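S.K.: If you read the sequence shown in my numbering, its first letter stands for residue 4, the second for the next number, and so on.
Even glycine gets a Cβ: it sits at the ideal position worked out from N, Cα and C.
Since this is a predicted model, take the numbers as computed values, not measurements.
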Amino acid sequence: HIVVIKEESDLRSRPLATLGNALEREPGILVQQSTYGQVPPFFRGLTGYHVLNVIDGIRFNNSTFRSGPNQYLAFVEPMQAQRVEAFLGPTGSQYGSDALGGAIHVLTPEARFASSPAWESHGDLQLSGASADWSGNAAARYSLSNDKLFLLGSLSGRTHNDLRAGGGLDSRNAFHRYLGLPLDGVRDLLGSRQQDTGFRQYGLQTKLAWRPAPTHSATFHYQRGVQSDVRGYKDLNGGLGRVLSTFDPQVLNWLYARYEKLSLGPLDTLSSTFSLNSQTDGGSRQNLRYTDPITTDHTRVNSYGYTGQATTHYGSRLAASFGGELYDERIRSRRDVLNPVTGALSRPRPLYPGRSQYQNLGLFSQATLQLTSRLQTATGLRYTAIRFATTADSTYGIPAASQWFRDLTWHATARYQLTRALGLHVIASRGFRAPNLNDLGALGLNDLGYEIPSAAAREAGALLSTDSGESATSKSVPLRSLSAETLRNLEFGARITTGKLYLRLQAFDAELANLIVRRTLLFPAASAPSQLAGIPVTVIAPTAAQRAQGVVTVATAFDPRAVKSFVNDGRARYYGAESLARYQFNAHWSLEANYTFLVGRDLHPNRNIRRLPPQSGALALRHVPTGRRPWWELSLAASGAQSRLSGGDRDDERIGASRSHNDIASFFNGSRVAPYIQNGVFTPTGETLTQIQNRLLPNSAAGTRVPLYLDTAAWTTLNLRAGYPLTERLQAQAALENIFDENYRTHGSGMDAPGCSLFLGLQYRF
Numbered sequence: 004h005i006v007v008i009k010e011e012s013d014l015r016s017r018p019l020a021t022l023g024n025a026l027e028r029e030p031g032i033l034v035q036q037s038t039y040g041q042v043p044p045f046f047r048g049l050t051g052y053h054v055l056n057v058i059d060g061i062r063f064n065n066s067t068f069r070s071g072p073n074q075y076l077a078f079v080e081p082m083q084a085q086r087v088e089a090f091l092g093p094t095g096s097q098y099g100s101d102a103l104g105g106a107i108h109v110l111t112p113e114a115r116f117a118s119s120p121a122w123e124s125h126g127d128l129q130l131s132g133a134s135a136d137w138s139g140n141a142a143a144r145y146s147l148s149n150d151k152l153f154l155l156g157s158l159s160g161r162t163h164n165d166l167r168a169g170g171g172l173d174s175r176n177a178f179h180r181y182l183g184l185p186l187d188g189v190r191d192l193l194g195s196r197q198q199d200t201g202f203r204q205y206g207l208q209t210k211l212a213w214r215p216a217p218t219h220s221a222t223f224h225y226q227r228g229v230q231s232d233v234r235g236y237k238d239l240n241g242g243l244g245r246v247l248s249t250f251d252p253q254v255l256n257w258l259y260a261r262y263e264k265l266s267l268g269p270l271d272t273l274s275s276t277f278s279l280n281s282q283t284d285g286g287s288r289q290n291l292r293y294t295d296p297i298t299t300d301h302t303r304v305n306s307y308g309y310t311g312q313a314t315t316h317y318g319s320r321l322a323a324s325f326g327g328e329l330y331d332e333r334i335r336s337r338r339d340v341l342n343p344v345t346g347a348l349s350r351p352r353p354l355y356p357g358r359s360q361y362q363n364l365g366l367f368s369q370a371t372l373q374l375t376s377r378l379q380t381a382t383g384l385r386y387t388a389i390r391f392a393t394t395a396d397s398t399y400g401i402p403a404a405s406q407w408f409r410d411l412t413w414h415a416t417a418r419y420q421l422t423r424a425l426g427l428h429v430i431a432s433r434g435f436r437a438p439n440l441n442d443l444g445a446l447g448l449n450d451l452g453y454e455i456p457s458a459a460a461r462e463a464g465a466l467l468s469t470d471s472g473e474s475a476t477s478k479s480v481p482l483r484s485l486s487a488e489t490l491r492n493l494e495f496g497a498r499i500t501t502g503k504l505y506l507r508l509q510a511f512d513a514e515l516a517n518l519i520v521r522r523t524l525l526f527p528a529a530s531a532p533s534q535l536a537g538i539p540v541t542v543i544a545p546t547a548a549q550r551a552q553g554v555v556t557v558a559t560a561f562d563p564r565a566v567k568s569f570v571n572d573g574r575a576r577y578y579g580a581e582s583l584a585r586y587q588f589n590a591h592w593s594l595e596a597n598y599t600f601l602v603g604r605d606l607h608p609n610r611n612i613r614r615l616p617p618q619s620g621a622l623a624l625r626h627v628p629t630g631r632r633p634w635w636e637l638s639l640a641a642s643g644a645q646s647r648l649s650g651g652d653r654d655d656e657r658i659g660a661s662r663s664h665n666d667i668a669s670f671f672n673g674s675r676v677a678p679y680i681q682n683g684v685f686t687p688t689g690e691t692l693t694q695i696q697n698r699l700l701p702n703s704a705a706g707t708r709v710p711l712y713l714d715t716a717a718w719t720t721l722n723l724r725a726g727y728p729l730t731e732r733l734q735a736q737a738a739l740e741n742i743f744d745e746n747y748r749t750h751g752s753g754m755d756a757p758g759c760s761l762f763l764g765l766q767y768r769f
């Protein structure tokens, strides 16, 4: 598989809001941020639970990961990583369910034993800051070791203030979206920074390794990551105009104990690992008025992992590995709803069934065979069995249930060295993703409105719809029980390697079947429900097409948009090409470039697919002198426009930002606008509600949504990075990002990207 590698030196030489930002500007990868403290990289068009995260070989994903962009990789504080590896394409046979788009492998600092019984100590200190968000971070690491024992401890923390985008503008701001206030008028009214994008984070890490003999070692590792003050900017001024959207708590407690034995009979290595991946996630939301109910969710997932693996070889041509793993998740969830007017507190059905269990069993094997001096092959096979179970809870009407999902995934690779300089490769692979708890049991607000479990939608007689938009029409078939997604991938590539040139090009074609996708729920007009999953709902006025079919949508009091659910529907195809070129002029000068082009389509029916990344590329000229002299890198990053939007994209506040007369009225009468209303007039423009509605959406029906944008605009930025070894131990780093202060947005992000920003850093090693 194609691998992108980020070393520790790169992680520390530029501003990183989150660990995932280290993968920006890499081929095949788009780094989207719904808010500044969250990051879900897209791998070949897939993100969320379609990309698997792994730390030190242990599964990081759990069953509550969402289908779309999520925040969980940001739980790992950037200074806790020594190396980040990104694998493009399905890696299910190596890592298991979820790895359809690829996998991100985070490696923590390795144990480095001394060469003698004498104790050695090492460490480093780092301070840095950036101007776009007036951020500052500090990190300290200290290790002590001899030839048998290694001890490491680290502490890191960072604070990010509200982000200033290029030009001090905010392209999807709610005052621009709903009230038509010009972008410079929004800046004059609210300031040049995107309010409520700031956050804080700290992490601590410890590692203990013991090597009693050269062939034995035991390792204990613990790390903690905590984010605070993270807010959902796309839900606030950044898009929907709600008065409250927080992510709190956001806590990771991660530990593992690992034993490794070398040279055990026919085995080269044998290892066993116990791990605990404890993630605590929560948040509070309030709609457009301060009198609206405040919903607070709190979810904790404890995933207990048990892994065993062995490696062996036969002669000099065959190397193999095999093993098994079990991840046993226990989920606890709670929801509180506060009436801010009366102070009454209720506890309705939580986001996930209160005492859920999700178990993931895998058996795997991989082998690499050197058939000839020019031809090498590799294969992998994995059997996965997943069980989801809930305990009956009469309080919320949740029945006891148990479901199994099983599948076989594989990959096969052949590499042929055609000449000394030219190599070819072909990859065929199959990925698999079982429905997780978020698919099977989630209840609450999400990107495109309120969601309910598919089972509750089936019980109410919901019909399958064409898409997740507000104007979706019916396919005239009832919903069916959820089943697993699969992906088949075929890939061809070539590599040219000479003394000065490295060139890599690959093309791939992947088809995703039995998709689990979000769909708008439709009901026969004559039998529309009054409640769904215990939540009261009301009928939304149908579009002309819906009326012709005799169907309607429904909405909750929590969100005016139609209720959605996850269902299996259709097939999708992603295909494209990625390239990377690196030319070494001499020992000091080098040039690197990459380019990515991606096409994605829903196949039944044939239409634009959700959140498709646009074409992108990067170019970097680097100078690294000898001796104690500064190095520097001048780079250009660019993205094409993305106009191939799906129905969900056009409605998404981060992309098309559609709105209707009703949406405008709701925001106009909301609490964020109240300070600017006098006698029914919005004072910055001197208009009444009706005048604003008619100016923005003339001749439009009250419930018809019209996009603010029909594409995400193309952009180009120029950036400069440099480093200077002041002494043997002290290094200075600097960067000037987005030099021309361009206002732009990474496709699908919930905020505009940082404007011109100066980064300064100091690192001291001892």
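For the alpha helix (DSSP H) holding Q766, just list the boundary residues, first then last.
M.R.: Q766 -> not in any alpha helix (DSSP H); beta strand (DSSP E) instead, spanning S760 to R768.
S.K.: Check for me: the beta strand (DSSP E) holding E581 runs from which residue to which?
M.R.: That run of the beta strand (DSSP E) goes R574 to Q587.
S.K.: By the three-class DSSP mapping on this structure, what secondary structure does E332 have?
M.R.: Strand, per DSSP.
S.K.: Just checking my contact of D470 with T523 at CB under 8 Å: how many whole Å lie between their CB atoms?
M.R.: So it is a contact: roughly 7 Å between Cβ atoms.
S.K.: Which of helix, strand or coil does DSSP assign to H125?
M.R.: Note: H125 maps to strand in three-state DSSP.
S.K.: Could you tell me if the beta carbon of A431 falls within a distance shorter than 8 Å of some heavy atom in the ligand NAP?
M.R.: Among the components of this structure there are no ligands whatsoever, and the ligand NAP is therefore not found.
S.K.: Using only the alpha-carbon positions, how far apart do A565 and V540 sit?
M.R.: Rounded to the nearest angstrom, the two C-alpha atoms are 10 Å apart.
S.K.: Evaluate contact between the stretch 441-450 and the stretch 110-125, counting only Cβ atoms and requiring at least three cross-stretch pairs below 8 Å.
M.R.: No, because fewer than three Cβ pairs between the stretch 441-450 and the stretch 110-125 fall closer than 8 Å, the two stretches do not touch.
S.K.: Only counting the same chain, and skipping five residues up and downstream in sequence, which positions put a Cβ closer than 6 Å to that of N722?
M.R.: Result list for N722: S638 and E740, in chain order.
S.K.: Jot down the residue ranges of each uninterrupted alpha helix (DSSP H) in the stretch 115-193, minimum 4 residues, whole runs only, in chain order.
M.R.: Runs found: 177-182 and 186-193.
S.K.: Buried or exposed: H163, going by 16 or more other Cβ atoms within 10 Å of its Cβ?
M.R.: Counting Cβ neighbours within 10 Å, H163 comes out buried, since at least 16 surround it.
S.K.: Using CA atoms only, rank isn't needed, just tell me which of I667, P678 and P728 is closest to L699.
M.R.: That would be I667, whose Cα lies nearest to the Cα of L699.
S.K.: Per DSSP, which residues does I543 bridge with? Please list them.
M.R.: Its beta-bridge partners are T556.
S.K.: Which runs of the beta strand (DSSP E) at least 3 residues long sit entirely within the stretch 358-389? Give them in chain order.
M.R.: Fully enclosed beta strand (DSSP E) runs of 3 or longer: 358-373.
S.K.: Can you give me the Cβ contacts of E113 inside the same chain, cut-off strictly under 7 Å, excluding the 5 residues immediately before and after it?
M.R.: Correct list, in chain order: Q85.
S.K.: For I8, name the three-state secondary structure that DSSP assigns.
M.R.: Three-state result, I8: strand.
S.K.: What residues in its chain sit with their C-beta under 6 Å from that of R337, if we drop five residues either side in the sequence?
M.R.: For R337, where only same-chain residues beyond five positions count, the Cβ hits under 6 Å are H301 and P353.
S.K.: Taking 9 Å as the threshold (C-beta atoms), are Y727 and A737 in contact?
M.R.: In contact: A737 and Y727 (Cβ atoms closer than 9 Å).
S.K.: Report the residue ranges of all beta strand (DSSP E) runs contained in full by the stretch 420-507; include only those spanning at least 3 residues, in chain order.
M.R.: Those beta strand (DSSP E) runs which fall completely within the stretch 420-507 and span 3+ residues are 425-436, 447-449, 452-454, 466-468, 477-481 and 488-500.
S.K.: Candidates Y767, S66 and R175: which alpha carbon is nearest R748's?
M.R.: For the residues Y767, S66 and R175, the minimum Cα distance to R748 belongs to R175.
S.K.: Would you call S248 buried or exposed, if buried means 16 or more other Cβ atoms sit within 10 Å of its Cβ?
M.R.: Result: buried.
S.K.: Bridge partners of A738, per DSSP?
M.R.: BP columns for A738 point to R724 and F762.
S.K.: Can you tell me whether DSSP reads H591 as helix, strand or coil?
M.R.: Coil, per DSSP.
S.K.: Is the distance from the Cβ of V304 to the Cβ of D331 below 9 Å?
M.R.: Cβ atoms of V304 and D331: not closer than 9 Å.
S.K.: Excluding the five sequence neighbours on either side, which residues of its own chain have a C-beta within less than 6 Å of the C-beta of A621, listed in chain order?
M.R.: Here the set comprises R28, N597 and A640.
S.K.: For N665, which residues of its own chain have a beta-carbon under 8 Å away from its beta-carbon, when the five flanking residues on both sides are left out?
M.R.: So the qualifying residues of the chain are P563, A705 and G706.
S.K.: Taking the alpha carbon of G48 as the point to measure from, which residue in I389, G603 and S159 has its own alpha carbon closest?
M.R.: Comparing Cα positions, the closest option is G603.
S.K.: Which full runs of the beta strand (DSSP E) of 3+ residues lie inside the stretch 585-646, going along the chain?
M.R.: Those beta strand (DSSP E) runs which fall completely within the stretch 585-646 and span 3+ residues are 592-606, 609-611, 619-626 and 634-642.
S.K.: Short check: CB of P351 to CB of Y399, under 9 Å?
M.R.: Contact flag set, yes.
S.K.: State the Cα-Cα distance for the pair A660 and G751, rounded to the nearest angstrom.
M.R.: A660 and G751: Cα-Cα distance of roughly 11 Å.
S.K.: Among the candidates L321, V246 and W257, whose CA atom is the shortest distance from the CA of R62?
M.R.: Ranking L321, V246 and W257 by Cα distance to R62 puts W257 first.
S.K.: Pull up the DSSP beta-bridge partners for K567, would you.
M.R.: Looking at the DSSP assignment, K567 forms a beta bridge with E454 and T523.
S.K.: Where does the unbroken alpha helix (DSSP H) through G651 begin, and where does it stop?
M.R.: Segment G650 to D654, the alpha helix (DSSP H) holding G651.
S.K.: So is T559 buried or exposed if we call it buried at 16+ other beta carbons inside 10 Å?
M.R.: Buried, since its Cβ has 16 or more Cβ neighbours within 10 Å.
S.K.: With a Cβ-Cβ cutoff of 9 Å, do Q226 and L255 count as a contact?
M.R.: Yes; because the gap between Cβ atoms is below 9 Å, this pair is in contact.
S.K.: Let me know if Y355 comes out buried or exposed under the rule of 16 or more other beta-carbons within 10 Å of its beta-carbon.
M.R.: It counts as buried.
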